[in-house]
Amino acid sequence: DGGITQSPKYLFRKEGQNVTLSCEQNLNHDAMYWYRQDPGQGLRLIYYSQIVNDFQKGDIAEGYSVSREKKESFPLTVTSAQKNPTAFYLCASNRGTSGSGEQFFGPGTRLTVL
Amino acid sequence: DQQVKQNSPSLSVQEGRISILNCDYTNSMFDYFLWYKKYPAEGPTFLISISSIKDKNEDGRFTVFLNKSAKHLSLHIVPSQPGDSAVYFCAASGGSGNTPLVFGKGTRLSVIA
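Sequence lines, in order, name chains A and B. Numbers -9 to 104, taken from the working numbering, label the letters of the first sequence in order. Numbers 393 to 505, taken from the working numbering, label the letters of the second sequence in order.
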């Protein structure tokens, strides 16, 4: 079955530690996205990538980093510079310019900083 | 400044009645609009979309209406069912397939049996 997987489902981190969230898709989508959801805040864009080896900052990129070495993978690193990392993180993908704007979402990772 | 606004954080509707969720936008460059449904601790799932060349799109119990002059869209769910209870997000984009979506803050719908 095609889809987007995110791992792990729950992640705990001590303050000062970097942590990497995984996102993999087998939909052959060109574009991938990372969002953060906080209560009452909706979904806010962290980073996105329209093609392999290229990515752009979203609205709240500070304290985060990404890489896009393979089409199917778009990992997100939450660094110690991110002041409020506890949140629900969502990865999404879509076909890019060849398709509709609809994005498909993964199941999410809840990160908690202890 | 919020470009996509969902001004009602929550809505309660009786089972069988109509649910109407509203969304306003400020960016006149937006030309593609989507509604997503989200359950707690899960990723959003796509419900229905509408292009700016249309003013209505229907899919089963779900209908989206677009009023471009008012920069307003609405999602109608008829009849509402308990399983429709979720958070609904309105999203908009500038049209090309890989333009990042801009999301509203969501409306929590509760359908009461």
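The beta-carbon is built from N, C-alpha and C at its ideal position, and this holds for glycine as well.
What span of residues does the beta strand (DSSP E) with residue i cover, start to end?
{"i": "residue 93(A)", "result": "First-last for residue 93(A): undefined, no H or E at that position."}
{"i": "residue 570(B)", "result": "This structure does not reach residue 570(B), given that chain B is present from 393 up to 505, and the question cannot be answered."}
{"i": "residue 28(A)", "result": "21 to 28"}
{"i": "residue 53(A)", "result": "Neither: residue 53(A) is in no beta strand (DSSP E) and is coded neither H nor E."}
Do residue j and residue i come within 8 Å of each other at the CB atom, strictly closer than that value?
{"i": "residue 15(A)", "j": "residue 62(A)", "result": "yes"}
{"i": "residue 429(B)", "j": "residue 30(A)", "result": "no"}
{"i": "residue 446(B)", "j": "residue 455(B)", "result": "no"}
{"i": "residue 78(A)", "j": "residue 58(A)", "result": "no"}
Please report how far the alpha carbon of residue i lies from the alpha carbon of residue j, in whole angstroms.
{"i": "residue 83(A)", "j": "residue 102(A)", "result": "24 Å"}
{"i": "residue 397(B)", "j": "residue 0(A)", "result": "30 Å"}
{"i": "residue 104(A)", "j": "residue 7(A)", "result": "10 Å"}
{"i": "residue 23(A)", "j": "residue 399(B)", "result": "26 Å"}
{"i": "residue 20(A)", "j": "residue 426(B)", "result": "20 Å"}
{"i": "residue 9(A)", "j": "residue 437(B)", "result": "27 Å"}
{"i": "residue 401(B)", "j": "residue 500(B)", "result": "6 Å"}
{"i": "residue 468(B)", "j": "residue 94(A)", "result": "22 Å"}
By the 10 Å Cβ neighbour count, where 16 or more other Cβ atoms means buried, how is residue i classified, buried or exposed?
{"i": "residue 474(B)", "result": "exposed"}
{"i": "residue 89(A)", "result": "Confidence in residue 89(A) is poor, its pLDDT being 48 and thus under 50, which makes the residue's placement unreliable; the coordinate value appears in the next sentence. Label assigned to residue 89(A): exposed."}
{"i": "residue 433(B)", "result": "exposed"}
{"i": "residue 494(B)", "result": "buried"}
Among residues of its own chain, excluding the 5 on either side of residue i, which ones have a beta-carbon nearer than 6 Å to its beta-carbon?
{"i": "residue 394(B)", "result": "none"}
By Cβ distance, which residues of its chain are closer than 7 Å to residue i, with the 5 residues on each side in sequence left out?
{"i": "residue 422(B)", "result": "484, 485, 486"}
{"i": "residue -2(A)", "result": "99"}
{"i": "residue 460(B)", "result": "444"}
{"i": "residue 80(A)", "result": "25, 27, 33, 95, 96, 98"}
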